[in-house]
Amino acid sequence: MRESLIALLIRLFPRDFRERYAADMRDLLRDQLDAARRGPAAFGAARVWMSTLAGLPGAAFRAHRDALFPQLTSVDRTRRSLGLEQTMNDLRFAVRLLRKSPVFAVVAILAISLGAGAVTTIFSAMNAMVLRPVPGVADGSRVVGLEFRRRDGKDELTGMYPTYAFLRDHSHTTSGVAAWARATLSIAATGRDAARVVKGSYTSGNYFSVLGVRPALGRFFLPDEDRTPLANPVIVVSYDFWATTLGADSSAIGKPLSVNGNPYTLIGVAPEGFRGLITLLPLDGWIPIMMQGQIQPERKLESATWLRMFARLRDGGTAEAATAELSTLFTEQNQAPSANRANRVVSIHVSPLRAVPEDARKMFLGFMAILFVAATFVLFIASVDVAAMLSARAVARRREMAVRAALGASRARLITQLLTEILVLFGIGAAGAIAIAYGATTWATRFPLPAEIIVPPDLVPDGRVMAFALLVSLATGVVFGLTPALRASRDDVSARLRDGTTGAGMRRSRIGNALIVGQLALSLVLLVAAGLFVRALGRAASVPPGFERSGVTVVSFDTRTWGYNDVAGQRFYHALRDRVAALPGVTAVTFASFAPLTTRSLNDSVTYASGERAFTWYVAAGNDYFRTLEMPVIAGRALGADDNERAAPVAVVNETFAKRLAPNGGALGRTFMRGKQAVTVVGVARDAKYATFDEATPSMMFLPIDQVWQPTQTMMVRGLSPAQLARGLHDAMRAIDSKLPVPSLMTLDDASGINVLPQRIALIVTGVLGGVGLLLSTLGLYGVIAYSVNQRTRELGVRLALGAQRATLLGMVLADGLRLAAVGVVVGLAAAAGATRVIAEFLFDVSALDAVTFIGTALLLVIVALLATYVPARRAARLDPMSALRSE
Amino acid sequence: MPRDARDFLPLKPVDLQLLLALSEEERHGYGLVQEIAARTDGLVNLDAGNLYRVIKRLADDGLVAESDHRAAPDLGNERRRYYRLTALGGRVLGAELHRLRDLLGSPAVRAASRRFAT
Chain L
-6 MRESLIALLI RLFPRDFRER YAADMRDLLR DQLDAARRGP AAFGAARVWM STLAGLPGAA
54 FRAHRDALFP QLTSVDRTRR SLGLEQTMND LRFAVRLLRK SPVFAVVAIL AISLGAGAVT
114 TIFSAMNAMV LRPVPGVADG SRVVGLEFRR RDGKDELTGM YPTYAFLRDH SHTTSGVAAW
174 ARATLSIAAT GRDAARVVKG SYTSGNYFSV LGVRPALGRF FLPDEDRTPL ANPVIVVSYD
234 FWATTLGADS SAIGKPLSVN GNPYTLIGVA PEGFRGLITL LPLDGWIPIM MQGQIQPERK
294 LESATWLRMF ARLRDGGTAE AATAELSTLF TEQNQAPSAN RANRVVSIHV SPLRAVPEDA
354 RKMFLGFMAI LFVAATFVLF IASVDVAAML SARAVARRRE MAVRAALGAS RARLITQLLT
414 EILVLFGIGA AGAIAIAYGA TTWATRFPLP AEIIVPPDLV PDGRVMAFAL LVSLATGVVF
474 GLTPALRASR DDVSARLRDG TTGAGMRRSR IGNALIVGQL ALSLVLLVAA GLFVRALGRA
534 ASVPPGFERS GVTVVSFDTR TWGYNDVAGQ RFYHALRDRV AALPGVTAVT FASFAPLTTR
594 SLNDSVTYAS GERAFTWYVA AGNDYFRTLE MPVIAGRALG ADDNERAAPV AVVNETFAKR
654 LAPNGGALGR TFMRGKQAVT VVGVARDAKY ATFDEATPSM MFLPIDQVWQ PTQTMMVRGL
714 SPAQLARGLH DAMRAIDSKL PVPSLMTLDD ASGINVLPQR IALIVTGVLG GVGLLLSTLG
774 LYGVIAYSVN QRTRELGVRL ALGAQRATLL GMVLADGLRL AAVGVVVGLA AAAGATRVIA
834 EFLFDVSALD AVTFIGTALL LVIVALLATY VPARRAARLD PMSALRSE
Chain D
68 MPRDARDFLP LKPVDLQLLL ALSEEERHGY GLVQEIAART DGLVNLDAGN LYRVIKRLAD
128 DGLVAESDHR AAPDLGNERR RYYRLTALGG RVLGAELHRL RDLLGSPAVR AASRRFAT
């Protein structure tokens, strides 16, 4: 955390400075910390942290200044430009002014920070997942991904090995075609017992050279290491893996590592930050494609369509030329006699290599675009607040401006001065925004997610994000600050000097009112969205799944990653079942291809008795599956331990399946065809939800897991929480094979949380944004009403003196505020009705115009508006008429 | 063309301290911070950011340079970069010390230090 904060602050320095000194600065800090910890002083380390953290931003600023104005450094220090001098004066004056009105400064800076921070946070996430270039890749714009266009116009991202080899050997428009595919690797330093299961990749010999990535240590693959199947068991690991699992030991190069139970040699370490090409899939290990047969013998190297490919364009070569050449080569190869059977793919297209595949990118960008728009609402709301405050200040400072103008300051000079003040304010706000984005993204990476979701390694803001925050803040500063600045500088000098008042008779402008209404309306839209997500989550939680979700712990295994063959895998699962079942507190344990309600499904072709053929969902389920999940079997029997590979094929089916098989009842004992195999129905289970909360109940069959072998299985245990099971599971696995890594455990509730993950994220984002928006627009409303009460002090005093009741005054001001709130609510409801259509698909069955949400949110807004107006209204009612009349 | 050492005068206090610390021996970052803090009784305590900013400025002006020297391997910190005084840096330091000696020797300074002695 603190290290990354230092890294963040170091990014503030100019690039050439960083490149030269970043490592030295970290070393120095480390030395100081070491010394402080050994030293006698209390909190010595904390003091070093504080002084470093406090010193870095200022030093960074000065380093930028040194770089921009070298004439201000040691040599020629006397030659300063007048313009700079003036700017510095303006800056100093602006800072002094802000210090003189701390409440204004703090509120304004806070508002800007919140608004710009919201936008920056979302941008930061988008940046990390989509925009950021792949780190470590040289001249990335020349690296292109290959897509295989099918006859039907769709693109596939993977191709066959022979295609890769042919393109690699014959392409001239590119300087290299490389290929890779995802692999799950279980890596252990030999001699140490625990293996680490990581995401890895089968990699062509030229993978790293085509990318232009250089090793941090050792070397990468040689082209010859990827020519002969199973000949070169060598591995490259990520810097992160080397630093954490291998203890950053540089002598590890050349030493053996165990990969999925096989001996490999570690030949190199990838540079820090390089984790493969897909941000959402950070890799830790790379092995040659030719080793694939050892890790995944069931996949045929030559005939499977499994490799992603990319290429580097030659200097001067274009994507069009590459597309044309690769397509021609592809056609040529697939007509040659030695080529594989005809393929549906008709041409190859190249496009810039992206960190997120095209299909996922569109969906993700759509989702993020919604959040981004929501964040800009908050920025707008905050900006309006600040603009209102600046306006009020501008009015109060008219006299000062007039004096300056009278003393000879040009209008341009005055505007520059005012703009400097605004930019200082918004510049500090930008720093706050970056801090907020930093905090929010750091928190987001710790957000507990189901294991299936891959978290991007680094959401935290980089230079691009900081530049964005600064740009957004300064741009809003200019847009929302310029109007008051212009107005303040436009005044007639002599009139203003004669007039002693600070702008009596200033009334709330129509634009001001419109902005307040806009603020309230936008907050309402955000809150309605948040409310709808709350309702959707409630709906999802209240859907009865048809089994008992709570009280079950799930753990997933993949015996292949341990180098186990099918026999060893099955032996492991059986042994583990027996050991876990014997643990005290366990009431039932079972294995299945996956846990229910985790969005996963398998299907297979089934021929029903009527001759109807359809793809039908199935789950591979072990002994005690129904007892563990408390899913009722309403006829026949459940699956048992005797339903193994030697017994006749059987299935338990759900009611929907049973009706389809035998519409008039009596499905029990009937057979149906699964592929070419006759399967007998031995039980009927009650219909339930299987993959998602909002699915229509499908036909479902439960097949004995020993009859449809799966190397990947999920254990489900009823009776023990993950924490209670952890120790026993650890011991059980160690007793079976001491080298096995213990996977992570979670409750079935958490595992099925993946179903509602978009809703939960959206709820958090819209909820936080809606809350902040409400706070800021309330502040705006309060400010406007308080200001108008202030301006009308005299009028109110006269009214009181003439006998107006205090309650009447109270009501008058309250009505003033409520009128604005009411218009805001009406506009907001209309806008929300339009806007929620965008999120309708995320709401399960809740209507996008859900009355409860709309009415409730509107009420909330009115109540908050009342509270905001009440404070100034009470002040108006408590006015002392005499002093009010005297007041000017 | 060698620049005139006097172009750099007067030196900023921190620049003077840094050049002084390097005049005895080549040092790395932490060594410099320690030496300067000790020499000024802790008055000048540089943080990482400001130390390297000053180093960069002095390096750009040609007063200090990176050294080829590396720590003994048994200290395990062969990565540390060491800095040394350049010939120009030495001349500037000499000129500044000369200037300060003249200053301290001037009648005005002697009179002032007698009057305001603590």
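These protein sequence lines are chains L and D, in that order. As numbered in the numbering used here, the first sequence has no gaps in its residue numbers, which increase by one up to the final residue, 881. As numbered in the numbering used here, the second sequence has no gaps in its residue numbers, which increase by one up to the final residue, 185. Glycine included, C-beta positions come from ideal geometry on N, C-alpha and C.
**Prompt:** Closest to L/Thr45 by CA distance: which of L/Ala60, L/Ala728, L/Met18 is it?
**Reply:** L/Met18
**Request:** Kindly list, in the order they appear in chain L, the residues whose Cβ is closer than 8 angstroms to that of D/Asp71.
**Result:** Per Cβ cutoff of 8 angstroms: no residues; D/Asp71 is ~10 angstroms from chain L at best.
**Request:** State whether the segment 709 to 724 of chain L contacts the segment 541 to 557 of chain L, with contact taken as three or more CB pairs (one from each stretch) at a distance under 8 angstroms.
**Result:** Using a Cβ-Cβ distance cut-off of 8 angstroms, the segment 709 to 724 of chain L and the segment 541 to 557 of chain L are in contact, since at least three pairs of beta carbons, one from each stretch, lie closer than that value.
**Request:** Using a Cβ cut-off of 8 angstroms (strictly closer), state whether L/Ala236 contacts chain D.
**Result:** no
**Asked** Is it right to say L/Glu414 is buried, meaning 16 or more other beta carbons lie within 10 angstroms of its own, or is it exposed?
**Response** buried
**Asked** Cβ of D/Ala88 less than 8 angstroms from any chain L Cβ?
**Response** no
**Straight-line gap, L/Ile427 to L/Leu1 (C-alpha atoms, nearest Å)** = 10 angstroms
**Asked** L/Asp27: buried (16+ other C-beta within 10 angstroms of its C-beta) or exposed?
**Response** exposed
**Prompt:** Cβ of L/Trp436 within 8 angstroms of Cβ of L/Gln563?
**Reply:** no
**7 angstroms Cβ cut-off: residues of chain D touching L/Arg55** = Simply Arg120.
**L/Arg720 to L/Asp571 span [Cα, whole Å]** = 16 angstroms
**Asked** If you check the beta carbons only, do L/Ala861 and L/Thr786 fall under 8 angstroms apart?
**Response** no
**Message:** For L/Arg792, count the other beta carbons within 10 Å of its own beta carbon; 16 or more makes it buried, fewer makes it exposed. Which is it?
**Reply:** buried
**Request:** Could you name the residues of chain D that L/Tyr14 contacts, counting a contact when the two beta carbons are closer than 8 angstroms?
**Result:** Tyr119, Ile122, Lys123
**Message:** Is it buried or exposed, L/Lys669, if we count other Cβ atoms within 10 angstroms and call 16 or more buried?
**Reply:** exposed
**Message:** With the cut-off set at 8 angstroms, would you say L/Asp277 and L/Gly193 are in Cβ contact?
**Reply:** yes
**Prompt:** Residue range of the beta strand (DSSP E) that L/Asn783 falls in?
**Reply:** Taken as a continuous stretch (DSSP letters only), L/Asn783 belongs to no beta strand (DSSP E), being part of the alpha helix (DSSP H) at 750 to 784.
**Asked** What residues of chain L sit near D/Val100, judged by a beta carbon separation below 9 angstroms?
**Response** Leu21, Asp24, Gln25
**Prompt:** How should D/Lys79 be labelled, buried or exposed, when 16 other C-beta atoms within 10 angstroms of its C-beta is the threshold for buried?
**Reply:** exposed
**Request:** Report yes or no: do three or more beta-carbon pairs, one from the segment 117 to 136 of chain D and one from the segment 151 to 158 of chain D, lie closer than 8 angstroms?
**Result:** yes
**Request:** Inspect the beta-carbon positions of L/Ala304 and L/Ala297 and report whether they are closer than 8 angstroms.
**Result:** Taking 8 angstroms as the Cβ cut-off, L/Ala304 and L/Ala297 do not qualify as a contacting pair.
**Request:** Thinking L/Phe695 and L/Ala644 are a contact (beta carbons under 8 angstroms), I'd like their distance in whole angstroms, please.
**Result:** 6 angstroms
**Prompt:** Quick one: does L/Ala131 have its CB under 8 angstroms from some CB of chain D?
**Reply:** Among the CB atoms of chain D, none fall inside 8 angstroms of the CB of L/Ala131.
**Message:** What ranges does the alpha helix (DSSP H) occupy inside the segment 243 to 319 of chain L, keeping only unbroken runs of at least 4 residues that lie completely in it?
**Reply:** 285 to 288
**Prompt:** Just curious, the beta strand (DSSP E) that L/Ile180 is in, first and last residue?
**Reply:** 167 to 182
**Item:** Rounded Cβ spacing between L/Val343 and L/Leu204 (contact assumed at less than 8 angstroms)
**Value:** At roughly 15 angstroms, the Cβ-Cβ gap does not stay under 8 angstroms, so L/Val343 and L/Leu204 are not in contact.
**Three-state secondary structure (DSSP) of L/Ser94** = Under the three-state reduction of DSSP, L/Ser94 is assigned to coil, being neither helix nor strand.
**Bridge-paired residues (DSSP) for D/Tyr149** = Looking at the DSSP assignment, D/Tyr149 forms a beta bridge with D/His95.
**Request:** Please report the residue range of the beta strand (DSSP E) in which L/Asn616 lies.
**Result:** For L/Asn616, no beta strand (DSSP E) segment is defined, and its DSSP state is neither H nor E.
**Asked** Does DSSP classify L/Gly138 as helix, strand or coil?
**Response** In the structure shown, L/Gly138 falls within a strand segment according to DSSP collapsed to helix, strand and coil.
**Request:** Excluding the 5 residues preceding and the 5 following L/Leu616 in the sequence, name in chain order all residues of the same chain whose CB lies nearer than 6 angstroms to its CB.
**Result:** It should be noted that the sequence gives Asn, not Leu, for residue 616 of chain L. Result list for L/Asn616: Gly633, Ala634, in chain order.
**Beta-ladder partner(s) of L/Arg667, from DSSP** = Assignment of beta-bridge partners to L/Arg667 by DSSP yields L/Val599, L/Gln670.
**Prompt:** Less than 8 angstroms separating the beta-carbons of L/Gly425 and L/Ile105?
**Reply:** A contact, by the Cβ cut-off of 8 angstroms.
**the ligand SAM heavy atom lying under 7 angstroms from the CB of L/Val818** = You won't find the ligand SAM in this model; it holds no ligand whatsoever.
**Message:** My output table needs one value for D/Gln84: the three-state DSSP class, helix, strand or coil.
**Reply:** helix
**Prompt:** Can you tell me where the alpha helix (DSSP H) with L/Gly562 in it begins and where it stops?
**Reply:** 559 to 574
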